[in-house]
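Novice:
There are 2 protein chains.
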Amino acid sequence: MKETLTVVKIGGNVVDDPAALDAFVGEFSRLRGPKILVHGGGKEATRLSKRLEIPTVMIEGRRVTSRETLDVVTMVYAGLVNKRIVSKLQAAGCDALGLSGADGGAVRATMRPKEPRDYGFVGDIRPEGVNTDLIERLIDGGIVPVFCAIMHDGEGTLLNCNADSVASAIALGMARVRPVRLVYCFEQPGVMADIERPDSVIAEITPTSYATLKENGTVSGGMIPKIENALAAVASGVESVSIRMASALNDPDAGTTIRP
Amino acid sequence: MKETLTVVKIGGNVVDDPAALDAFVGEFSRLRGPKILVHGGGKEATRLSKRLEIPTVMIEGRRVTSRETLDVVTMVYAGLVNKRIVSKLQAAGCDALGLSGADGGAVRATMRPKEPRDYGFVGDIRPEGVNTDLIERLIDGGIVPVFCAIMHDGEGTLLNCNADSVASAIALGMARVRPVRLVYCFEQPGVMADIERPDSVIAEITPTSYATLKENGTVSGGMIPKIENALAAVASGVESVSIRMASALNDPDAGTTIRP
Chain A
14 MKETLTVVKI
24 GGNVVDDPAA
34 LDAFVGEFSR
44 LRGPKILVHG
54 GGKEATRLSK
64 RLEIPTVMIE
74 GRRVTSRETL
84 DVVTMVYAGL
94 VNKRIVSKLQ
104 AAGCDALGLS
114 GADGGAVRAT
124 MRPKEPRDYG
134 FVGDIRPEGV
144 NTDLIERLID
154 GGIVPVFCAI
164 MHDGEGTLLN
174 CNADSVASAI
184 ALGMARVRPV
194 RLVYCFEQPG
204 VMADIERPDS
214 VIAEITPTSY
224 ATLKENGTVS
234 GGMIPKIENA
244 LAAVASGVES
254 VSIRMASALN
264 DPDAGTTIRP
Chain B
14 MKETLTVVKI
24 GGNVVDDPAA
34 LDAFVGEFSR
44 LRGPKILVHG
54 GGKEATRLSK
64 RLEIPTVMIE
74 GRRVTSRETL
84 DVVTMVYAGL
94 VNKRIVSKLQ
104 AAGCDALGLS
114 GADGGAVRAT
124 MRPKEPRDYG
134 FVGDIRPEGV
144 NTDLIERLID
154 GGIVPVFCAI
164 MHDGEGTLLN
174 CNADSVASAI
184 ALGMARVRPV
194 RLVYCFEQPG
204 VMADIERPDS
214 VIAEITPTSY
224 ATLKENGTVS
234 GGMIPKIENA
244 LAAVASGVES
254 VSIRMASALN
264 DPDAGTTIRP
């Protein structure tokens, strides 16, 4: 039996805050066993677009990606943010290697259909698009892959993807070859029974308990797709999905764990 | 005896011209044996700096790299240009994987001393800074490393380096573990006896013939450091250095070859 792989996803709340990023780099370096980091881009792409007078258009939280916007997100996510994280991890003794989906054909995506809405150069990933051979070889060599959410279609076109979806597709893809757990770093300590009380974190959610939590309104709004994606991941072979604060990465009791 | 590794360097004349880049991608994909690509950034960094109203300061052809300029070159070289080349190579069937020096600790550089001139975040590389273990593992796995000229100091700081120097340092570093030839793609067919006559390419230069060429003025100006660097490389273990047009990459008779 191969060792469990941990796939960790961080978003803007870590990437945009130098102190939070430095603290996370320390936590992530200490995390034992084989691991992969997936990062979002935070607000830097929006800031750069503004300075370049490229309009930012969002539909349901997804960035509409024109050719010009694709250049901006490729620069910011695959260049600035990815190399900043990798160089910090290297300095902390973690043998990080930054990857877009194009690198080594690591992850292939498909451009989202133009109907009903045209998102431009936006891609979606299926677990079969994950090059498990390459990732296994890197991991077996002691490398820690650090993915940005820029993928490719294998035909020369880069595609902007959602970092949460990239993390879950990589976890699902890798689950075909070894045990995998997925950790979403979140701005709150987990899924809370009472949003006003950080000590009300629900330790475990299963399909059965989720039905109740949704019915009685404990889980609502943006948490619904997050937990439903997590439930789909554990239903398809990922061992567990944890939602927790980045600062609690190595705390065995922290956050909410979603199990099958 | 291991197979000869070819290290190819391309600059702005290829990177800035979409048609030239597409043609090069085809040529490079057909190149046999293990290979590494090193690319410059072309004029894109200067263009982006201008749009962001960040002044571009050059001293003796080297970009003075402030913190802001470092962000620009990291975005353009490690993000935009690197991923554009990698995705095109992948589409052409070449298993390219983009790297900065930070990735996998591939190449370590040292910040240039602040005296006599302060270049800011500019680094220099010695062949000992090249992580031959990582590069050998990638190459043995059929991967084609594609390097931009952004390196790191191993302590969390990214450094802007000269792409010609990166190519020669990687060639020299790798020459300690296998035979290496180095190819500089150039905007002219090679070193010409008469600058007006493209058919006057000097096929071979050795230390002895170079002394004559320099003395009689055949080689002058910007060609002097180029050839002297090439002579230094072949004196230190690189088998040969070729200076040729990118479009002639696979032509056995093209360009000027510098030999020990």
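In order, the protein sequence lines correspond to chains A and B.
Each residue of the first sequence is one higher than the one before, counting from 14 in the working numbering.
Each residue of the second sequence is one higher than the one before, counting from 14 in the working numbering.
A virtual CB, placed ideally from N, CA and C, is assigned to each residue, including glycine.
Could you confirm whether any beta carbon from chain A is found closer than 7 Å to the beta carbon of Ile156 of chain B?
Specialist: Indexing the second sequence from 1 puts residue 156 of chain B at position 143. By this cut-off, Ile156 of chain B is an interface position.
Novice: Under 7 Å between C-beta atoms, does Ala33 of chain B make it to chain A?
Specialist: Against the second sequence, residue 33 of chain B aligns to sequence position 20. It does not: the Cβ of Ala33 of chain B has no partner Cβ on chain A nearer than 7 Å.
Novice: Between B:Asp137, B:Gly53 and B:Val143, which lies nearest to Val27 of chain B when the distance is taken from Cα to Cα?
Specialist: Here the question's residue 27 of chain B lines up with position 14 in the second sequence. Taking only the C-alpha atoms, the option nearest Val27 of chain B is B:Gly53.
Novice: The beta strand (DSSP E) spanning Phe199 of chain A covers which residue range?
Specialist: As a first step, residue 199 of chain A is located in the first sequence; it is residue number 186 there, counting from the start. Element bounds for Phe199 of chain A: Val193 to Phe199.
Novice: Of the choices A:Val135, A:Val89, A:Leu112 and A:Arg139, whose alpha-carbon is the least far from that of Ala246 of chain A?
Specialist: Within the first sequence, residue 246 of chain A is the residue found at index 233, counting from 1. The shortest C-alpha separation from Ala246 of chain A is found at A:Arg139.
Novice: On the premise that Leu172 of chain B lies in contact with Gly295 of chain B, defined as a C-beta separation below 8 Å, what is that separation, rounded to the nearest angstrom?
Specialist: Any answer about residue 295 of chain B is impossible in this case: the structure gives chain B only from 14 up to 273.
Novice: What residues from chain A crowd round Glu209 of chain B, counting only those whose CB sits closer than 8 Å?
Specialist: Within the second sequence, residue 209 of chain B is the residue found at index 196, counting from 1. Ordered by position in chain A, no residue passes the 8 Å Cβ test against Glu209 of chain B, which lies about 38 Å from the chain.
Novice: Would you list, in chain order, the members of the region 55-85 of chain A that have their beta-carbon closer than 7 Å to a beta-carbon of chain B?
Specialist: Going along the region 55-85 of chain A in chain order, one finds Arg64, Leu65 and Asp84 with a Cβ nearer than 7 Å to chain B.
Novice: Does Gly117 of chain A have its Cβ less than 7 Å from a Cβ in chain B?
Specialist: For the purposes of this step, residue 117 of chain A is taken as residue 104 along the first sequence, with counting starting at 1. Interface residue, yes.
Novice: So for Ala184 of chain B, helix, strand or coil by DSSP?
Specialist: Within the second sequence, the letter at position 171 stands for residue 184 of chain B. For Ala184 of chain B, the three-state secondary structure derived from DSSP is helix.
Novice: If distances are taken between C-alpha atoms only, which option among A:Phe134, A:Met187, A:Gly111 and A:Arg272 comes closest to Ser222 of chain A?
Specialist: As a working note, residue 222 of chain A is residue 209 in the first sequence. Residue A:Arg272 is the option with its Cα nearest to Ser222 of chain A.
Novice: Leaving out five residues before and five after Lys48 of chain B in sequence, what residues of the same chain have Cβ atoms less than 6 Å from its Cβ?
Specialist: By one-based count along the second sequence, residue 48 of chain B stands at place 35. Cβ neighbours of Lys48 of chain B beyond the five flanking positions: Thr19 and Val157.
Novice: Could you name the residues of chain B that Gln103 of chain A contacts, counting a contact when the two beta carbons are closer than 7 Å?
Specialist: In the first sequence, the residue the question calls residue 103 of chain A occupies position 90. The answer, in chain order, is Ala115, Gly118, His165 and Gly167.
Novice: Hey, how far is the Cα of Ile237 of chain A from the Cα of Ser253 of chain A?
Specialist: Mapped onto the first sequence, residue 237 of chain A falls at position 224. Mapped onto the first sequence, residue 253 of chain A falls at position 240. Whole-angstrom Cα-Cα distance: 17 Å.
Novice: Going by DSSP, what residues sit across from Asn173 of chain A in a beta bridge?
Specialist: Sequence index remark: in the first sequence, residue 173 of chain A carries index 160 (1-based). Answer by DSSP bridge pairing, in chain order: A:Val135 and A:Ile163.
Novice: Taking the alpha helix (DSSP H) that Thr69 of chain A falls in, what are its first and last residues?
Specialist: In the first sequence, the residue the question calls residue 69 of chain A occupies position 56. Unbroken run through Thr69 of chain A: none, as it is neither H nor E.
Novice: For Gly111 of chain B, does the three-state DSSP call read helix, strand or coil?
Specialist: As a first step, residue 111 of chain B is located in the second sequence; it is residue number 98 there, counting from the start. Secondary structure at Gly111 of chain B: strand, using DSSP grouped into helix, strand and coil.
Novice: Under 7 Å, Cβ to Cβ, is there at least one residue of chain B near Arg121 of chain A?
Specialist: By 1-based counting over the first sequence, the position of residue 121 of chain A is 108. Taking Cβ atoms only, chain B never reaches closer than 7 Å to Arg121 of chain A, which makes this a no.
Novice: I'd like the span of the alpha helix (DSSP H) that includes Ile98 of chain B, first residue to last.
Specialist: The count along the second sequence starts at 1 and reaches residue 98 of chain B at position 85. Residues Asn95 to Ala104.
Novice: Please list the partners that Arg150 of chain B has in chain A, where partner means a Cβ-to-Cβ separation under 7 Å.
Specialist: Taking the second sequence and counting its residues from 1, the one referred to as residue 150 of chain B is at position 137. Ordered by position in chain A, the residues that pass the 7 Å Cβ test against Arg150 of chain B are Gly154.
Novice: Around the Cβ of Gly234 of chain A, are there at least 16 other Cβ atoms within 10 angstroms (buried) or fewer (exposed)?
Specialist: Taking the first residue of the first sequence as 1, we reach residue 234 of chain A at position 221. The residue in question, Gly234 of chain A, is exposed, as its Cβ has fewer than 16 Cβ neighbours within 10 Å.
Novice: Name the two residues that bound the continuous alpha helix (DSSP H) containing Arg257 of chain B.
Specialist: As a position in the second sequence, residue 257 of chain B is number 244, starting the count at 1. Not the alpha helix (DSSP H): Arg257 of chain B falls in the beta strand (DSSP E), residues Ser253 to Met258.
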